[in-house]
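Novice: For the record, the sequence lines run as chains H and C.
Residue numbers for the first sequence, in this note's numbering: 2 to 286.
Residue numbers for the second sequence, in this note's numbering: 305 to 419.
For each residue, glycine too, the CB sits at the ideal point set by N, CA and C.
Owing to the predicted nature of the structure, the values given are computational and were not obtained by experimental measurement.
Just dropping this structure here.
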Amino acid sequence: MTDDIRTLTARVAEEPSSLAFLELGEALRRRGQLEAAYKVARGGLTRYPALADAHDLVARILGDQGDLAGAFDAWVEALRFDPMRIGALKGIAFLYFRAGDVPAALEHLQRAAEVDPDDESIIQAIGRIRQTMVEEPQVNVGTSQGNGYLAHPPAVPDSAPPAEADEGTFRPESDNGDHGSMLVDGNGLRLSGTVRSPAQEDVGDRVAAELAGVSKEATRTSRLLGLGTWQAIAVEAPDWNLFLVAPTPDTLLLTVRESSLPMARLALVADRAARQAREWLEQHA
Amino acid sequence: MTAADEALERVTQVPGVRGSLLISADDGLVVAERLMEGIDGRAVAALAASLVQRLGRATGGAGLQAPKFVHLRGNAGSVLAAPGGDDLVLVAVVDPDANVGRARIEMLDAVGRLA
Numbered sequence: 002m003t004d005d006i007r008t009l010t011a012r013v014a015e016e017p018s019s020l021a022f023l024e025l026g027e028a029l030r031r032r033g034q035l036e037a038a039y040k041v042a043r044g045g046l047t048r049y050p051a052l053a054d055a056h057d058l059v060a061r062i063l064g065d066q067g068d069l070a071g072a073f074d075a076w077v078e079a080l081r082f083d084p085m086r087i088g089a090l091k092g093i094a095f096l097y098f099r100a101g102d103v104p105a106a107l108e109h110l111q112r113a114a115e116v117d118p119d120d121e122s123i124i125q126a127i128g129r130i131r132q133t134m135v136e137e138p139q140v141n142v143g144t145s146q147g148n149g150y151l152a153h154p155p156a157v158p159d160s161a162p163p164a165e166a167d168e169g170t171f172r173p174e175s176d177n178g179d180h181g182s183m184l185v186d187g188n189g190l191r192l193s194g195t196v197r198s199p200a201q202e203d204v205g206d207r208v209a210a211e212l213a214g215v216s217k218e219a220t221r222t223s224r225l226l227g228l229g230t231w232q233a234i235a236v237e238a239p240d241w242n243l244f245l246v247a248p249t250p251d252t253l254l255l256t257v258r259e260s261s262l263p264m265a266r267l268a269l270v271a272d273r274a275a276r277q278a279r280e281w282l283e284q285h286a
Numbered sequence: 305m306t307a308a309d310e311a312l313e314r315v316t317q318v319p320g321v322r323g324s325l326l327i328s329a330d331d332g333l334v335v336a337e338r339l340m341e342g343i344d345g346r347a348v349a350a351l352a353a354s355l356v357q358r359l360g361r362a363t364g365g366a367g368l369q370a371p372k373f374v375h376l377r378g379n380a381g382s383v384l385a386a387p388g389g390d391d392l393v394l395v396a397v398v399d400p401d402a403n404v405g406r407a408r409i410e411m412l413d414a415v416g417r418l419a
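So, in structure tokens, the structure goes:
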């Protein structure tokens, strides 16, 4: 046992409620003591289940162990508690890239770049992916770029079924706990999709009307408070989570799921739905 | 130190939090605040109250209970809001690199204590 690990182990023993387990887990991971690192990280998570740092640590350890699906889920949890966590965004981007979903990988890297525009590694990764898309558009490339600690073949990180194509209706993907997705214009009129109440009643028009002006309100709030361009609104209600994004400047996309779906995963669902909504809008322009 | 001051103190101790304030949900007035220089508390209160009200109507329209936490994310920062009892909303303005997860926990806990 090295001195630093001995010191950190003593600190964790003396102050079990402290966050020293993060340093200890990371130190053990770096030394390749993955089982011990995992035990430390899981122990910390038991005490701090909502700490993004702890989920991020677990994800990195699982990545090192080759459990990429587990790493994906842990990073999703990290994003749930800290939607701007760069390490999680980069990790998920890398896993998407390895799974062949290049647009999703690029999207996550772009989100990471928005959080930290000065991070050269993100800019370089985006550049490499774009180059790959130009040079080999049909190839599922598995280079070692990204965060560099995942050396195993990828698992497909998201088993959600693909969206159904329909000429007349915008239908984002559906999953368990799905209570709808709906595209609304700036006047609060439903363009497509629906939202159902807990009693399975179609409440789309009612909700759409209430959403009129939310985009403008968010734009105004962001501008006046110096928050830049608004990107998303996450709303937690008891038993339900709602996620709002603006696929275009004139539209708003609402996605509603049961709260058993972590907010970060809901954000991914909403991102994909927004892409589909943009395509649908282009087709129907 | 009042309960409101304690709540604001805890939230503003989270790294990346530029300031927090307790506002009245109905009229968007500031009840208590702890903000970094340069942040207009009255503007934050009015804007956050308006947004929370609007989202509350949307969730009501969907047959859902009122929001317990709202996160408006911009590319240069976020506004977090935790509606509580007695018509109060705890609001925080945070940097883009803030630990939003920790801020959320502190805010929900603080709002629970205020109720």
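Considering only residues of the same chain and omitting the five flanking positions on each side of ALA385 of chain C, which have a CB-CB separation below 6 angstroms?
Specialist: Excluding positions up to five away in sequence, the list reads ALA352, VAL356, VAL374, VAL393, VAL395.
Novice: Three or more C-beta pairs under 8 angstroms: does that hold for the stretch 221 to 236 of chain H against the stretch 375 to 384 of chain C?
Specialist: Yes, the stretch 221 to 236 of chain H is in contact with the stretch 375 to 384 of chain C.
Novice: Beta-carbon of SER328 of chain C versus every beta-carbon of chain H: anything under 8 angstroms?
Specialist: Not closer than 8 angstroms to any Cβ of chain H, the Cβ of SER328 of chain C fails to qualify, so no.
Novice: First and last residue of the beta strand (DSSP E) that includes PRO104 of chain H?
Specialist: Careful: PRO104 of chain H lies outside any beta strand (DSSP E), inside the alpha helix (DSSP H) at 103 to 116.
Novice: Find out if the Cβ-Cβ distance for the pair LEU107 of chain H, ILE124 of chain H is shorter than 8 angstroms.
Specialist: Against a cut-off of 8 angstroms, the Cβ pair of ILE124 of chain H and LEU107 of chain H comes out as no contact.
Novice: What are the residues of the stretch 229 to 244 of chain H that lie near chain C, defined by any Cβ-Cβ distance shorter than 9 angstroms?
Specialist: Listed in sequence order: GLY229, THR230, TRP231, GLN232, ALA233, ILE234, ALA235, VAL236, GLU237, ALA238, PRO239, ASP240, TRP241, LEU243.
Novice: Per DSSP, SER382 of chain C is paired with what?
Specialist: Beta-bridge pairing links SER382 of chain C to C:ARG377, C:VAL398.
Novice: In this structure, what does DSSP give as the bridge partners for SER193 of chain H?
Specialist: Beta-bridge pairing links SER193 of chain H to H:LEU184.
Novice: Within the same chain, show all residues whose beta-carbon is closer than 6 angstroms to that of PRO248 of chain H, passing over the 5 residues directly before and after it, in chain order.
Specialist: Hits under 6 angstroms: LEU254, ALA275, ALA278, ARG279.
Novice: With a cut-off of 8 angstroms, does the C-beta of PRO154 of chain H fall near any C-beta of chain C?
Specialist: With a pLDDT of 28 at PRO154 of chain H, under the threshold of 50, the predicted position of this residue should be treated as unreliable, though the coordinate-derived value follows. No, its Cβ sits nowhere closer than 8 angstroms to a Cβ of chain C.
Novice: Suppose the cutoff is 6 angstroms on Cβ atoms and the five residues either side in sequence are ignored; what does the same chain contact list for SER145 of chain H look like?
Specialist: Low local confidence applies: a pLDDT of 32 at SER145 of chain H is under 50, so the model's placement there is unreliable, with the coordinate-based value given in what follows. Contacts found: none.
Novice: Consult DSSP for ALA238 of chain H and reduce its assignment to one of helix, strand or coil.
Specialist: In this structure, ALA238 of chain H counts as strand in the three-state DSSP scheme.
Novice: Under the rule that 16 or more other beta-carbon atoms within 10 Å means buried, what is THR222 of chain H, buried or exposed?
Specialist: By the neighbour-count rule (16 or more Cβ atoms within 10 Å), THR222 of chain H is buried.
Novice: What residues of chain H sit near PRO371 of chain C, judged by a beta carbon separation below 7 angstroms?
Specialist: Ordered by position in chain H, the residues that pass the 7 angstroms Cβ test against PRO371 of chain C are VAL236, GLU237, ALA238.
Novice: Establish whether the CB of GLY323 of chain C and some CB of chain H are separated by less than 8 angstroms.
Specialist: Output row for GLY323 of chain C: interface = no.
Novice: Under the rule that 16 or more other beta-carbon atoms within 10 Å means buried, what is ALA349 of chain C, buried or exposed?
Specialist: So ALA349 of chain C ends up on the buried side.
Novice: In terms of residue numbering, what span does the beta strand (DSSP E) encompassing VAL204 of chain H cover?
Specialist: From DSSP, VAL204 of chain H is part of no beta strand (DSSP E); its letter is neither H nor E.
Novice: Where do the ends of the alpha helix (DSSP H) carrying ALA75 of chain H lie?
Specialist: Segment 69 to 82, the alpha helix (DSSP H) holding ALA75 of chain H.
Novice: Which word fits SER18 of chain H, buried or exposed, when buried means at least 16 other C-beta atoms lie within 10 angstroms of its C-beta?
Specialist: Per the 10 Å Cβ criterion, exposed.
Novice: Report all residues from its chain with a CB closer than 6 angstroms to the CB of GLY1 of chain H; omit the five preceding and five following residues, and keep chain order.
Specialist: With chain H running from 2 to 286 in the structure shown, residue 1 of chain H is simply not present.
Novice: In chain C, which residues lie less than 9 angstroms from PRO84 of chain H when you measure between Cβ atoms?
Specialist: Those are HIS375, ARG377, SER382, VAL404, GLY405, listed as they occur along chain C.
Novice: Given a cut-off of 8 angstroms on the beta-carbon distance, is the pair VAL246 of chain H and LEU359 of chain C in contact?
Specialist: No, they are not a contact pair.
Novice: If you run the structure through DSSP and keep just helix, strand and coil, what is VAL324 of chain C?
Specialist: Per the sequence shown, the amino acid found at residue 324 of chain C is Ser instead of Val. Three-state result, SER324 of chain C: strand.
Novice: Can ASP83 of chain H and ALA60 of chain H be called in contact, C-beta distance under 8 angstroms?
Specialist: Not closer than 8 angstroms, so no.
Novice: Thinking C-alpha only, which one of C:GLY389, C:PRO400, C:ASN403, C:GLY405 is nearest LEU326 of chain C?
Specialist: It is C:GLY389.
Novice: Anyone know if the C-beta pair for VAL334 of chain C and VAL398 of chain C falls short of 8 angstroms?
Specialist: Not a contact, by the Cβ cut-off of 8 angstroms.
Novice: What are the start and end residues of the alpha helix (DSSP H) that includes VAL426 of chain C?
Specialist: As shown, chain C starts at 305 and ends at 419. That puts residue 426 of chain C outside it, with no answer to give.
Novice: Report the three-state DSSP secondary structure of ARG258 of chain H (helix, strand or coil).
Specialist: Strand.
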